[in-house]
Amino acid sequence: MSKILLKNIKGLVQAGEQIPSVRKGAEMKQLDIIENAFLALEDGEVISYGSMLEWEGIIDWRDVEIVDADGCYVLPAFIDAHTHTVFAKSREEEFVDRIHGLSYEDIAAKGGGILNSARKLSELSEDELFEAAKKRIERIIQSGTGALEIKSGYGLSVDGEIKMLRVIKRLKACMPIVIKATFLGAHAFPVDYKENKRGYIDLIIQEMLPMIQKEQLADYIDVFCEHNYFSVAEMEEILRAGIACGLKPKVHVNQFSILGGVQKAVELGAISVDHLEEIDENDIQSLLHSDTIPTLLPGCSHFLSIPFGDARRIIDAGLPLALASDYNPGSSPNYHLMTILSLACLKQKMTPEEGINALTINAAAALELSESHGKIAIGRKSPIMLTKEIPSLAYLAYAFGEEHVQRMFI
Ligand code: NIG
Ligand code: FE
């Protein structure tokens, strides 16, 4: 049995028995912080916490590891509810092309982008992909992340998509954090189906989905709904087929254009709608009548120099908001959620408190992990983050790029 006592914690964040499982609108400014606190863990389970002044020495002192957290904060680990962590190779050549003036769309139109990643992925074996992703996730955990969503979508063939999802299934089994898998066969039309879109949609519905259901390879179904990718009608057909196979929708919508995908995804019970660099009043209204979590990806906006999602408009309308990294080799080669927090504060005018809620409670809701993640409460085995010595919680967002995590308790 492993027992750990963290004492003299400068601020124990998001710890409490009454913390809601989602925070919306003005509530997002609220953060529960116990100052000068302790936290006791037994085999990773929270058995006691509170103010040092109320400390009653309720744990058995034998074999306890004592961690002096003087000057440091303790938070529930961040949750990354949108990533493409399984990929073959980085794509910095496209990044250089963009410096020279090409746009993300120009690069995609000449066979780069997602199709470039698909080509590279077809050259790697399942084992090679698995080993590369495993190393990435080890670094991801050290950066403060305690649960992860990973999408397929660089296979774009029956073999490629199933290979990716099998890799994710193996990662779920061997990594110490919770991982959720999303099937994104509808990420782009592969080269061979450029003139036969119907054929590719049939392949997704008739061949990929039955295999995924049989081998239980995914939790969610995603579609990239955008001009030159999948229309709203195509998205609806694919999502409905996924739902029939037990997968819940979680979709890429409104990255470059407003096509009505948000309303359709909400109508189909999407757990989250992600990107939303563009948003209009119809989107806001349909979200207000749903439990769907809007999720913004400021790393993608920063990296592609496209508009940042309007976090203020979303929050001020009374909606909940989650943030995620969108970690992928094309539009956001960064998994560091502290950087995402900084970008959200700097570019989207979110307060650090709103940002932390968006990366803990609300991100847990966007991954259906509210029962186990996003807050610290008795009996929970949620992953926990200990920061280095920092002057305040806002410093996490302020000192962008600095490494703030001292240790993770998983
Ligand atoms: O979320 N927008 C679609 N998909 C990814 C990018 C994929 C890529 O460029 O490899 C995204 O930004
Ligand atoms: Fe994405």
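With numbering that gives the first Met the number 0 applied, the sequence shown corresponds to residues 0 to 409, in that order.
We put the CB at the ideal spot given by N, CA and C, even for glycine.
As the structure is a prediction and not an experimental result, all values here were calculated from the model.
CB of residue i to nearest heavy atom of the ligand FE: below 7 Å?
i      : result
His288 : no
Asn327 : yes
His301 : no
His226 : no
His83  : yes
His251 : yes
Between the C-alpha atoms of residue i and residue j, what's the straight-line distance to the nearest angstrom?
i      : j      : result
Asp96  : Ile106 : 8 Å
Met27  : Phe77  : 16 Å
Met384 : Thr181 : 26 Å
Val73  : Arg118 : 43 Å
Tyr219 : Pro390 : 40 Å
Ile113 : Asp191 : 14 Å
Ala269 : Asn7   : 42 Å
Glu64  : Leu5   : 8 Å
Cys244 : Val157 : 16 Å
Gln262 : Asp282 : 6 Å
Val231 : His251 : 11 Å
Glu276 : Ile292 : 15 Å
Cys344 : Glu93  : 28 Å
Leu416 : Tyr326 : A question about residue 416 goes unanswered here, because the residues of the chain that appear run from 0 up to 409.
Tyr228 : Asp315 : 31 Å
Asn361 : Ala321 : 5 Å
Phe129 : Met51  : 44 Å
Glu233 : Ile200 : 8 Å
His301 : Asn115 : 21 Å
Leu295 : Pro19  : 21 Å
Leu11  : Lys346 : 27 Å
Tyr48  : Leu395 : 23 Å
Lys2   : Leu38  : 11 Å
Ile417 : Glu388 : This structure gives no information on residue 417, because the portion of the chain shown stretches from 0 to 409.
Glu137 : Gly143 : 11 Å
Gln212 : Arg165 : 12 Å
Leu342 : Glu16  : 30 Å
Arg22  : Ala357 : 8 Å
Arg312 : Asp62  : 51 Å
Pro332 : Phe86  : 11 Å
Gly111 : Ser102 : 11 Å
Gln284 : Leu258 : 15 Å
Gly43  : Ser371 : 12 Å
His226 : Ala376 : 44 Å
Gly317 : Thr359 : 18 Å
Lys196 : Leu202 : 10 Å
Ser330 : Met0   : 43 Å
Ala68  : His274 : 37 Å
Report yes if the C-beta of residue i is less than 7 Å from at least one heavy atom of the ligand NIG; otherwise report no.
i      : result
Ile113 : yes
Gln254 : yes
Phe223 : yes
His434 : In the structure displayed, the chain extends from 0 to 409; residue 434 sits before or after that span and is not available.
Ser116 : yes
Ser285 : no
Ser124 : no
Ser330 : yes
For chain D, check one thing: does any of its Cβ atoms lie closer than 8 Å to the Cβ of residue i?
i      : result
Leu385 : You won't find chain D in this structure, because it holds only one protein chain.
Shorter than 7 Å, the distance from the beta carbon of residue i to the closest heavy atom of the ligand PLP, or not?
i      : result
His372 : Although the ligand PLP was asked about, the structure shown includes only the ligand NIG and the ligand FE as ligands.
Return the chain-ordered ranges of every alpha helix (DSSP H) run that is complete within the stretch 311–354 and spans a minimum of 4 residues. 336–347
Jot down the residue ranges of each uninterrupted alpha helix (DSSP H) in the stretch 253–299, minimum 4 residues, whole runs only, in chain order. 260–266 and 280–287
Of all the beta strand (DSSP E) runs that stay within the bounds of the stretch 146–212, which reach a length of 3 or more residues? 177–185
Between the stretch 63–81 and the stretch 142–151, do three or more beta carbon pairs fall short of 8 Å? yes
Do the stretch 169–185 and the stretch 209–225 touch if we need at least three Cβ pairs shorter than 8 Å? yes
Contact the stretch 295–310 vs the stretch 363–373: 3+ CB pairs below 8 Å: no
Would you call the stretch 118–136 and the stretch 392–405 touching, i.e. three or more CB-CB distances under 8 Å? no
Closer than 8 Å is the cut-off here; do at least three beta carbon pairs connect the stretch 203–210 with the stretch 233–247? yes
Write down every uninterrupted run of the beta strand (DSSP E) in the stretch 68–120 whose length is 3 residues or greater and which is fully enclosed by it, in chain order. 71–75 and 77–79
Any chance the stretch 339–356 sits against the stretch 28–35, with 3 or more Cβ pairs inside 8 Å? yes
Length at least 3, wholly inside the stretch 372–407: the beta strand (DSSP E) runs in chain order: 383–388
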